[in-house]
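First residue of the sequence shown? That's 17 in this note's numbering, and the numbers climb one at a time after it.
I have placed the structure first, in the form of structure tokens, so that the comments after it can refer back to it.
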Amino acid sequence: EHFRMRTNTPHSLRELYKLGNATGTLGKQACTAFLEQYYEKPDLSKFWRDFYPSEESKTRISSIGPDKSKAGIEANLDIEFLSTIGNGIATEFWSFPGRAPDNPENEPFLSWMYQVANTSDADVPKVFSTSYGEAE
17 EHFRMRTNTP HSLRELYKLG NATGTLGKQA CTAFLEQYYE KPDLSKFWRD
67 FYPSEESKTR ISSIGPDKSK AGIEANLDIE FLSTIGNGIA TEFWSFPGRA
117 PDNPENEPFL SWMYQVANTS DADVPKVFST SYGEAE
């Protein structure tokens with residue numbers, strides 16, 4: 017069966033992945049943010065109101081790392097879709113300041129890996145959304 021999607025919204029993606037109205041209650045998920053990318057809580061609330069109003073208050077978001085007020089496009093997009101597709105699941109926003117020491121244009125991925133490695137198995141999210149990249 018061929019699925020034709022006109023727009024990428026929480027509803028269309030939940031339909032595509034056959035999630036229906038399922039709401040999670042167990043586990044923890046997180047998205048990562050690098051290169052001075054953060055999310056703005058008012059933007060996230062507006063996204064929920066506009067695209068997923070029935071579930072607006074079911075996902076709890078907590079920030080790990082710097083929590084600045086200026087949003088970045090990648091960070092906002094990641095937290096918006098992760099929190100609606102993984103609706104109801106405790107969600108963390110892991111942000112990392114600075115740049116990679118060997119190349120100031122690159123993300124400090126090693127800082128993230130160290131933090132994951134130093135977080136207990138009971139506390140570390142089992143799902144991370146990381147959507148950064150550049151030409152290899």
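We put the CB at the ideal spot given by N, CA and C, even for glycine.
So, residue i versus residue j, is the Cβ gap smaller than 8 angstroms?
{"i": "Thr48", "j": "Thr146", "result": "yes"}
{"i": "Asn92", "j": "Glu52", "result": "no"}
{"i": "Ala116", "j": "Glu123", "result": "yes"}
{"i": "Thr75", "j": "Gly104", "result": "yes"}
{"i": "Tyr54", "j": "Gly102", "result": "no"}
{"i": "Phe97", "j": "Phe50", "result": "no"}
{"i": "Phe67", "j": "Thr25", "result": "yes"}
Could you please give me the residues that DSSP links to residue i through a beta bridge?
{"i": "Val140", "result": "Beta-bridge pairing links Val140 to no other residue."}
{"i": "Ile77", "result": "Thr107"}
{"i": "Ser145", "result": "Cys47"}
{"i": "Asn119", "result": "Ala116"}
Alpha carbon to alpha carbon, how far is residue j from residue i? Give it in angstroms, no decimals.
{"i": "Trp110", "j": "Ala46", "result": "7 angstroms"}
{"i": "Pro130", "j": "Gly81", "result": "The residue asked about is misnamed: residue 130 is Tyr in this sequence, not Pro. Whole-angstrom Cα-Cα distance: 13 angstroms."}
{"i": "Lys142", "j": "Asp59", "result": "26 angstroms"}
Looking at the secondary structure, which residues open and close the alpha helix (DSSP H) in which residue i lies?
{"i": "Gln131", "result": "125-133"}
{"i": "Glu52", "result": "Neither: Glu52 is in no alpha helix (DSSP H) and is coded neither H nor E."}
Does any residue of chain C bring its CB to less than 8 angstroms from the CB of residue i?
{"i": "Phe63", "result": "Absent here is chain C; the protein component of the structure consists of one chain."}
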